[in-house]
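Below is one structure, written out as structure tokens, with a few remarks after it.
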Amino acid sequence: MTPVPPLDHAAYGNGRVLGLVAPTASIDWLCLPRFDSPSVLARLLDDREGGSFRVLIGGEEVRGSQAYIRNTNVVRTFFDQNGDSFDVIDYAPRLPEGLTTRVPYEIVRMIRPHSGHPRIALDLDVRPDYARERADWLPTTDGLERRTGSAPLQVATNIPPAYLLNRQEFALTEPVFVSLHYGPRRVIPTLSSVQHDLNLTIEGWRRASKACYLPGFADDAVLRSALCLKLHTYHDTGAIIAAATTSIPEAMGTERTWDYRYCWLRDAAFVAGALRRVSFLEEGELFISYLRDVVESGDLQPLYGIGGERDLTEVMLPHLAGFGGNGHVRIGNAASTQPQHDLMGEVLLCLDSLLSDPRIVHRDPSSYFPLVRRMVELAIERGPTPDTGIWEYRTMLRHHTFSRAMCWAAIQRGAAIARRLGFANYADRWSKAADAEREIVLSRGYNDELGFFTQELDGSTMDASNLLLATIGLVPAQDPRFTRTVDASLERLTREGLTFRYLHADDLGVPTTAFSICSFWHAEALAMAGRLPEAIAMFERMLAYANPVGLFSEDVDPSTGALIGNFPQAYTHVGLINAAVTIGEILKDRDGRVGTWA
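Numbering (our numbering), first residue to last: 78 to 675.
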């Protein structure tokens, strides 16, 4: 079996850029100027040719001790080689300016000596356009500049530019910095300005952290997940990406490689909902603004570019070796053209939660009604037709139970919104349609003989997405049909303590890795069903798979425990937050931990 390279990176960014730095302080992934732009550093997808920004000791990479500076998305990697110690600070400036935040297209690296006489070299190997170009640098008085090619880049530094061009070793006797910037700068940074921006960035993240609601259960993991999700929100439009990367396979040696650097309306709605549960509201507000823009632009798609782009044609990049040599590197995503009928439900569940939250002031709530009406009418129209489902089967159109349940959610929540906004005629009509839709899901989505909700209507196979049916209100968590589904999922979908999406063949065969969010869904379902010890055990078992800085990818290989799939995966951190908050609330109620000082 092909070994899985470690996904032990820390993610950092500011809403416009998102980089991944390894414990060796090698920046292995960065796209500029947007999350879905061509990469400029892509070692993650080609160890030799992808490009990276490394710190070398004695000409070699050395693994350091890596952690986030507490309650921030700023990364510190500490090195101690025989008493010669220094640290590397990686951050993307996120600078509070009054009621706004300035977020340049920039990453900054500071290297600070601590003890002894460390000697290091810096290897800045920038390879734009998915490593199809080389960076031909021109030295300037303040660093380096690239004026030709697809990516106009500027490097500012307080070390001689020749040290970067030649990987020249030097004595680290005082702090040094390197700033990589896309496009023209406002001002040329200095060591003092870089330190000032670092301080502001740290303080900005810590102010955000102070506003985060913590459930009293797995609080550190919840906060880290919330900070991670904030990195997935695009500052300019409010789009929320599914993950920072493309083409990290769901399983090694397979073609299950997808580009997740786009905005799935489903995933984004889940992210906005999870962040709202921990009192982060801005991302949801921004996403709803983005949602209105893309929905009004034409036929509804499951996903869009982060600038609202509709054409996401898939293209293969055979010149890249792929993650761990897996190959099958692709950009774009053909799922943008698929029929996925669940997304109307997620959108309206998210919109309803934001419209009804008294902390958010909407200038004209009734202005959202055209969006509500369109989502409900699409759910009524498309619900009875087959789709590719939440798992985006490429050739297998089915009448998926979860899709139909989400169509019910869209109609039911749409009716509730319509009633609040004063559109009684719509509310009455949609309420009747919702009742009829619910009856179809309960009568045809549940298999009495097998004792669980099935993947498709009148079906016989299991699907972990049905573990969400109680959270959306289709059935009570204590309903025997739901509790039996939870039990059956333990028996039929769990391997090595991890819950799979399904365990039957799809377009590419039978899955061999567990989809990480499903274990968190399972834990939350167990908690809601009143089985708290089992819920906590499953949650903690899944939590143990987090990488050293608390981040998750899309999947876990149950045979090795390795993280696999695109990274960091927003969906997984959504599942963690929701499960932790639900478990925490139930624990407080069980233990009587209520009141001011409880």
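The beta carbon of each residue, even a glycine, is placed where N, CA and C say it ideally should be.
Here DSSP, grouped into helix, strand and coil, assigns Pro-190 to strand. Across the structure, Ala-144 and Ser-630 are spaced so that their CA atoms are roughly 18 Å apart. In the pairwise beta carbon analysis, the region 251 to 265 is classified as touching the region 219 to 230: at least three pairs are separated by under 8 Å.
By the Cβ rule, the region 306 to 326 counts as touching the region 340 to 352, because three or more pairs are nearer than 8 Å. Boundaries for Gly-491: no beta strand (DSSP E) harbours it, while the alpha helix (DSSP H) harbouring it runs 478 to 498, taken from the DSSP string. In the structure shown, Asn-403 falls within a coil segment according to DSSP collapsed to helix, strand and coil. Under the DSSP assignment, Glu-174 falls in the beta strand (DSSP E) whose first and last residues are 172 to 174. Cα atoms of Glu-137 and Trp-106: separation of roughly 19 Å, rounded to the nearest angstrom.
Note that the region 434 to 442 does not touch the region 368 to 380; fewer than 3 beta-carbon pairs, one per stretch, sit closer than 8 Å. Residue state for Ser-162 is assigned as strand, using DSSP reduced to three classes. Cα atoms of Met-483 and Leu-342: separation of roughly 13 Å, rounded to the nearest angstrom. Counting along the chain, no alpha helix (DSSP H) covers Ile-197; the unbroken beta strand (DSSP E) around it starts and ends at 196 to 202. A contact is defined here as three or more CB-CB pairs under 8 Å, and the region 331 to 342 fails this definition with respect to the region 118 to 138.
Counting C-beta pairs closer than 8 Å gives three or more between the region 465 to 479 and the region 411 to 418, which meets the contact rule. Secondary structure at Cys-289: coil, using DSSP grouped into helix, strand and coil. For Pro-216, the pairing in a beta bridge is given by DSSP as Leu-221. Judged by pairs of C-beta atoms under 8 Å, the region 204 to 216 does not touch the region 274 to 287, as fewer than three such pairs exist. Less than 8 Å divides the Cβ of Val-81 from the Cβ of Ile-641.
Taking the Cα of Arg-561 as reference, the smallest distance to any Cα among Phe-577, Ala-591, Arg-608 and Leu-585 is reached at Arg-608. For the pair Leu-498 and Phe-446, the CB atoms are nearer than the 8 Å cut-off. By the beta-carbon neighbour count (other beta carbons within 10 angstroms, threshold 16), Gln-245 is exposed.
One thing to note: Asp-161 has its Cβ no nearer than 8 Å to the Cβ of Thr-154. Ser-114 is classed as buried because its beta carbon has at least 16 other beta carbons within 10 Å across all chains shown. Counting along the chain, Arg-521 sits inside no beta strand (DSSP E); it lies in the alpha helix (DSSP H) bounded by residues 501 to 521. Excluding the 5 residues flanking it on each side, Ala-295 has same chain C-beta neighbours closer than 6 Å at Ala-657, in chain order. Per DSSP, Ala-349 lies in no beta strand (DSSP E); the unbroken alpha helix (DSSP H) holding it starts and ends at 342 to 354. Under the DSSP assignment, Ile-613 falls in the alpha helix (DSSP H) whose first and last residues are 609 to 620.
For Thr-637, the secondary structure class from DSSP, reduced to helix, strand or coil, is coil. His-191 places its beta carbon 8 Å or farther from that of Ala-248. Contact between the region 474 to 481 and the region 396 to 407 is not established, with fewer than three Cβ pairs separated by less than 8 Å. Across the set Ala-582, Gly-638 and Glu-662, the C-alpha of Glu-662 shows the shortest separation from the C-alpha of Met-605. Separation of the CB atoms of Ala-541 and Phe-577 is rounded to 7 Å, and the pair is thereby assigned contact status at 8 Å.
Rounded to the nearest whole angstrom, the CA to CA distance from Val-117 to Ala-321 is 14 Å. Taking C-beta atoms under 8 Å as the contact rule, Gly-409 and Ala-487 fail to qualify, at a distance of about 28 Å. With a cut-off of 8 Å on Cβ pairs, the region 287 to 302 is not in contact with the region 380 to 387, counting fewer than three such pairs.
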